Structure formats: C-alpha cells, structure tokens
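These notes are about the structure you will find just below.
Protein chains: 2
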Amino acid sequence: MKLPALHTVLSPALLHLYDLNNTIVVIIDVFRATSTIATALYNGAEKVIPVDSVAQCIAIGNATPNSITAGERDGKVIEGLQYGNSPGDYPASFIKGKTLVLTTTNGTKMLHMALNNGAAEIITGSFPNLSAVANYLIQQKKQVILGCSAWKDKFNLEDTLFAGAVIQQIAPHFHIHCDSSLMAAEMYAMHQNNMHQFIRKTTHWHRLAAYGLEKDLEYCVTPDVANILPIYKNGALQIG
Amino acid sequence: MKLPALHTVLSPALLHLYDLNNTIVVIIDVFRATSTIATALYNGAEKVIPVDSVAQCIAIGNATPNSITAGERDGKVIEGLQYGNSPGDYPASFIKGKTLVLTTTNGTKMLHMALNNGAAEIITGSFPNLSAVANYLIQQKKQVILGCSAWKDKFNLEDTLFAGAVIQQIAPHFHIHCDSSLMAAEMYAMHQNNMHQFIRKTTHWHRLAAYGLEKDLEYCVTPDVANILPIYKNGALQIG
C-alpha cells in the first residue's frame, strides 16, 4: 500500500509551495495560540473562534452569546478585549461552556492561508495535545502538512520541535521525503529529553519570558496535558 | 564592543524579512552552484558570471572573449550551452584564464534578490571554500546574512548545514539571536563527523544521485578543497 505523503512547512511564507488538495493541515503555534486553544477546549470551552484583528474580535464577541474576547500584545491584554493569550487564563471553572474569541497573529494567518489554499481539513496542534493530533493523523490515512506558524513569517524552533514530535510518533505511517521534516525530527530527537533547558535558548522564549511568562511557556512544551483534538469547521475550532 | 549581528535565511522567499543594509550576504547553493563557482575560480577562472536564463547565458557568452557557457537541467548540459554544472568539469587545465558564464536557478535568484534588497556586499559560500568565507567574515566585522538558496524556495539541508559550519567557525565574533542559526549550528554539529553518510538522506542527494552525480556531491560537502573567496562586483564573481 502506498503511504500518504507528509511535509513540514516552516513558515506561512512557504505554504504556497505545497499542494493542499486532499490534505490535512495541522496549524502549529506553540507559543501560545494553539496551546491555549487546546487548553480552553480541554477545559470545556464550547468552541474557539480564531480571528486576526482586534476589531473583528470585538464584533464577533458582541454578536456571540456567552463569549469572551481575548488577545495580547507585548504580554498585556489588548485594550478593548477582556482576557489574555495564556493557557493558564482558561481553567474549567472559568471557560466551561463559553465561546472564546481569540485574536492571534501568526496562527490565524497560517489557518486562513490553509483555508484559502484549499486544505481538505484543518486541525490545530501543540505539545499539550500532541498525542491526540498524532493518533488522528494515523487514523485518517490522508496526506499531511505540518504547518509551522512561525513569527511574522520567520522560522522558529518551538513550532519546528512540535512538528518533529508529531513525526516521531507517526513516521512509519507516512511517506516522508522532505528536508524540513527530516530536520524537525532530528531537532526533536536531540532535545526531547532536555526540552525545558533547550527551549530557553530560543528567540521567543526570550521575548516572552521578558513579560514574566516562563510558567506559561513551560506548560506550552509539556506533552499531552490537554489532550483533545481541535478541528476547524464553520469558522470555529471544536473538539473533533 | 557591540558585536555585529548574524542571521541565517532559510529560503529566498524569506529574504525580504531581513534588513540587508550594511550587511554582507553569503549566497549558499551547496548542490552545486556555489561549489562550482569556488572550484572554477580556485582553478584559475578569471571570473564567473552567474545568470538566471539560458538566453542570457548564450548572449553574454557570445559577447565575452575567452568565455564558456554552462548549465544543466536534469543532470544534462542544456541545449545551446557548452558545459555542465559539475565542479569536476573545471580543472585548471581547462578553465584557467577563462570566463565561466553559468546559469543556475536557485543560487542566482538569491544573489539577485540580495542585490535588489540593498546588500552592502555579496560573496558566495560552499564547503569547498568554507574557511575562506569564515575568515573573511571575521575580518570584516560587519553584519552577516547567511543566505540559503534552497530549492525553488523550499528549505534544504545541504545549504543549512553549510550555514551551520560557518557559524561554528565564527560564532564568538557575532551576536547571534536567531532560531534559524541555532538550528543550523546544531544540525551541523550533530553531523559534521558523518556528513558523507547523513547527506545521503537529503532530498537533493536523491534527486542528483539519480543522475550519477554521487562523486560530485561528495566533493560538494568536502571542506576547503577550493579555498578562495568569490566576491561579487560589476556583475561577476572574482577572487577577493
């Protein structure tokens, strides 16, 4: 049997180079959008609506019953919105049954690009829901793109390491002939046992830790602590 | 003293994200353009003119005394041109004193983008001239972009590994705060002692080895066998 192909895309700026037909695209934004999405849904949020502008966030928040709006810039809640981007902001006692309208820059950009380029299906991935993503991809037996959201189109390591973690779990089920995937798998294999040390060397650890977010970031590289599968349908992410 | 910044750019499609002002850009196209450029100049070519189309290659070849035209597609010399892209095609007995007009796709694209984006200086790098590149960058004390030419904008490992090799030699002289550079340096450190085995796992090894080019490719990952510095001036690369 011919195995489906798997590719890793290291930046939204490279997504157009790949054919998304009949392909599941995994949106990866480890620090912190897709980690927060997994956590909010795991803790009982009804759905998460990812949007790319503050104005849209407010408008959709106003139009949606039992919703909250969230988004950060430079480590602070954006004026006009109610909550932040931290997964720690969304315990079950707060988020259960609510709709989270979340502004993110990189993750939402990648998601909308995947939609516009004809992805057959879109899910979101992060260390907190690593195994749920891996198991789903194995079951579906479809082509896969692991889509790293990067940072304003620049390569980042945290998204790449997550792609590598997925590949480590699912490689025997796919045909992988892609230098990005080979690199991601090797980087993850090298650091899977010292992730909490290594991740401190990355650019966005430094940027976000300066806002006092170290505990958040450690959570965001911890596997399977919010192990559900967010699937994108009708403009929102819900547990699949 | 503040050290100059160094960044690694993993694809021409990401070059626009970086400021090239006052920056030396190292064009990297390991398989095989920049390896062949280093080799031809090391063996006495007067200069190498990189062009991006076959028509331009023929026109410049016709207009340039004592020149030869070269370029390959799918492992064969392109119709209308005289020689191939292999560094082995350019021993001193043949190339000494001649001008090599070379068509390449990825390397020339990256070079022209660097020019158009205002790079202060452009040089070319490959394993055969690794130390010449590293020593020059240390001496110049300017900002550096290590520009991987990639393959039709897709990330490749051979260019990334060369960026890592340069970083390993020059890191103490630069301020490096860039996930692409950190990844490149780690991938090279992991494989520098098994390069000839590891490189066989990459996408373009497979593509090119299928044309019978294995010896060529092994040469292209051998450090310092054509250790000169090609500098781009007035449309051509010459030894600096």
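Protein chains in written order, with UniProt numbering: chain A, 1 to 240; chain B, 1 to 240.
For every residue, glycine included, the Cβ atom is placed at its ideal position computed from N, Cα and C.
In this text, all values refer to a predicted model and were calculated from it rather than measured experimentally.
Exercise for the section: Per DSSP, which residues does G125 of chain A bridge with? Please list them. Expected result: A:I28
Problem - Minimum Cβ-Cβ distance from I202 of chain A to chain B less than 8 Å - result: In the sequence under discussion, the amino acid at residue 202 of chain A is Thr, which differs from the Ile named in the question. Taking Cβ atoms only, chain B reaches closer than 8 Å to T202 of chain A, which makes this a yes.
Practice task
Could you tell me whether any Cβ in chain A is nearer than 8 Å to the Cβ of A13 of chain B?
Solution key: yes
Exercise for the section: Label V217 of chain B either buried or exposed according to how many other C-beta atoms from any shown protein chain fall within 10 Å of its C-beta, with 16 as the threshold for buried. Expected result: A small fix is needed here, since residue 217 of chain B is Leu in this sequence, not Val. Buried, since its Cβ has 16 or more Cβ neighbours within 10 Å.
Practice task
Compare the C-beta of H175 of chain B with all C-beta atoms of chain A and state if any pair is closer than 8 Å.
Solution key: no
Exercise for the section: Using the DSSP secondary-structure output, state which residues sit across from P50 of chain A in a beta bridge. Expected result: A:L102
Handout entry: Endpoints, beta strand (DSSP E) assigned at S11 of chain A
Key = Looking at the DSSP string, S11 of chain A is not in any beta strand (DSSP E), and its letter there is neither H nor E.
Problem - Residue of A:A189, A:L161, A:Q143, A:C148 minimising C-alpha distance to H173 of chain A - result: A:Q143
Practice task
Tell me, please, whether the CB atom of N156 of chain B is closer than 8 Å to any CB atom in chain A?
Solution key: Interface annotation, N156 of chain B: in contact with chain A, CB-CB separation under 8 Å.
Problem - Length of the line joining the Cα atoms of P87 of chain A and V9 of chain A - result: 25 Å
Problem - Test: D74 of chain A CB closer than 8 Å to a CB of chain B - result: no
Problem - Within 8 Å, strictly: CB atoms of A184 of chain A and G164 of chain A - result: yes
Practice task
Measure the Cβ-Cβ separation of Y211 of chain B and G75 of chain B and say whether it is below 8 Å.
Solution key: Yes, the pair counts as a contact, with Cβ atoms nearer than the cut-off.
Practice task
Return no unless some Cβ of chain A is closer than 8 Å to the Cβ of D153 of chain B.
Solution key: yes
Exercise for the section: Grab the span of the beta strand (DSSP E) containing Q169 of chain A for me, first residue to last. Expected result: Per DSSP, Q169 of chain A belongs to no beta strand (DSSP E); it is in the alpha helix (DSSP H), 157-170.
Exercise for the section: Return yes when the Cβ of L102 of chain B is within less than 8 Å of the Cβ of G147 of chain B, no when it is not. Expected result: no
Exercise for the section: Examine the Cβ distances between the segment 19-36 of chain A and the segment 114-130 of chain A and report whether three or more of them are shorter than 8 Å. Expected result: yes
Practice task
Step through the CB atoms of chain B and report whether any lies within less than 8 Å of the CB of L213 of chain A.
Solution key: L213 of chain A is outside the set of residues whose beta carbon lies under 8 Å from a beta carbon in chain B.
Problem - K152 of chain B versus I176 of chain A - alpha carbon distance - result: 19 Å
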